[in-house]
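In the working numbering, the protein residues as written are 278 to 503.
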Ligand code: ADE
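The structure is reproduced here in structure tokens:
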């Protein structure tokens with residue numbers, strides 16, 4: 278999977294990707310994360326990438342030219358998705374994440390400040406994705422959310438750490454929340470590990486986990502049961 282992130286703050290993306298499982302995924306060649314800065318494509322001698330909105334109003338708006346030229350410069354693969362991160366997009370979820378993990382390349386366009394010149398939407402026709410109903414300062418954190426979540430669905434990515442098959446929302450759990458986990462010791466501050474997890478009966482353990490998963494979903498996210 279190749280991620281190409283168009284951002285005014287490439288260090289934010291590269292820094293995050295130099296830790297933990299993301300770093301290992303890159304080192305092992307399972308994913309690659311490239312960054313492209315529209316500021317490197319501006320024709321303006323002051324390297325301007327944004328300007329005040331026509332019609333007045335607060336904030337700065339990302340200009341067309343640096344973004345269009347930066348997008349054009351990204352090498353495109355056949356099986357790709359081009360995504361603009363925006364609070365106005367469809368809300369990201371596990372289903373979209375799994376669907377996107379089948380692509381060869383994902384190009385992520387991050388806004389910053391007040392937003393994009395509308396002609397970026399009209400001219401480049403991206404799929405717009407939001408990570409929730411709140412407004413962030415830029416699309417970088419949202420891009421990282423997508424990179425992290427999508428990569429987890431690539432079978433080799435999690436490697437020995439385990440699979441995402443039983444993560445909350447996953448197909449393995451029929452879209453339900455995940456069951457609770459326990460590790461050593463058997464008892465901590467009077468709280469005991471449920472007996473069923475200690476007896477090595479895999480059928481019973483599986484039944485317990487399914488029930489817990491269902492109970493938890495009923496209590497916390499009844500909307501998921503529909
Ligand atoms: N940019 C600003 N807010 C955002 C959000 N909620 N999701 C994705 N991108 C954003």
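Positions of the beta carbon are idealized from the N, C-alpha and C atoms, including for glycine.
Exposure of residue i, with buried meaning 16 or more beta-carbon neighbours within 10 Å
{"i": "residue 419", "result": "buried"}
{"i": "residue 460", "result": "exposed"}
{"i": "residue 468", "result": "exposed"}
{"i": "residue 402", "result": "exposed"}
{"i": "residue 523", "result": "The question about residue 523 has no answer, for the chain in this structure spans 278 to 503."}
{"i": "residue 476", "result": "exposed"}
{"i": "residue 430", "result": "buried"}
{"i": "residue 394", "result": "buried"}
{"i": "residue 343", "result": "buried"}
{"i": "residue 328", "result": "exposed"}
{"i": "residue 348", "result": "buried"}
{"i": "residue 434", "result": "buried"}
{"i": "residue 338", "result": "buried"}
Three-state secondary structure assigned by DSSP to residue i
{"i": "residue 282", "result": "strand"}
{"i": "residue 415", "result": "strand"}
{"i": "residue 327", "result": "strand"}
{"i": "residue 392", "result": "strand"}
{"i": "residue 470", "result": "coil"}
{"i": "residue 313", "result": "strand"}
{"i": "residue 367", "result": "strand"}
{"i": "residue 482", "result": "helix"}
{"i": "residue 352", "result": "coil"}
{"i": "residue 407", "result": "strand"}
{"i": "residue 357", "result": "strand"}
{"i": "residue 381", "result": "coil"}
{"i": "residue 433", "result": "helix"}
{"i": "residue 453", "result": "coil"}
{"i": "residue 318", "result": "helix"}
{"i": "residue 464", "result": "strand"}
Neighbourhood of residue i by C-beta, 6 Å cutoff - its chain only, sequence neighbours within 5 removed
{"i": "residue 286", "result": "417"}
{"i": "residue 385", "result": "282, 360, 420"}
{"i": "residue 280", "result": "310, 383, 424"}
{"i": "residue 427", "result": "374, 377, 378"}
{"i": "residue 308", "result": "278, 302, 428"}
{"i": "residue 306", "result": "none"}
{"i": "residue 336", "result": "390, 391"}
Beta-carbon contacts of residue i that lie in its chain and below 8 Å, excluding the five residues immediately before and after
{"i": "residue 454", "result": "445, 446, 490, 493, 494, 497, 498, 501"}
{"i": "residue 358", "result": "377, 380, 382, 383, 384, 404"}
{"i": "residue 304", "result": "none"}
Cβ distance (whole Å) where residue i is taken to contact residue j below 8 Å
{"i": "residue 406", "j": "residue 345", "result": "Residue 406 to residue 345, Cβ: 20 Å. No contact."}
{"i": "residue 312", "j": "residue 284", "result": "6 Å"}
{"i": "residue 473", "j": "residue 482", "result": "6 Å"}
{"i": "residue 412", "j": "residue 462", "result": "44 Å between Cβ atoms; not a contact."}
{"i": "residue 396", "j": "residue 341", "result": "5 Å"}
Own chain residues within Cβ distance below 7 Å of residue i, not counting five before or after
{"i": "residue 354", "result": "279, 381, 382"}
{"i": "residue 315", "result": "283, 285, 326, 343, 344, 347"}
{"i": "residue 450", "result": "443, 490"}
**Report entry** Meets three-Cβ-pair contact criterion under 8 Å: the region 445-457 and the region 377-391
**Finding:** no
Requested in this report: Assess, as a yes-or-no matter, whether the region 319-331 is touched by the region 297-306 under the definition of 3 or more beta carbon pairs within less than 8 Å.
Outcome: no
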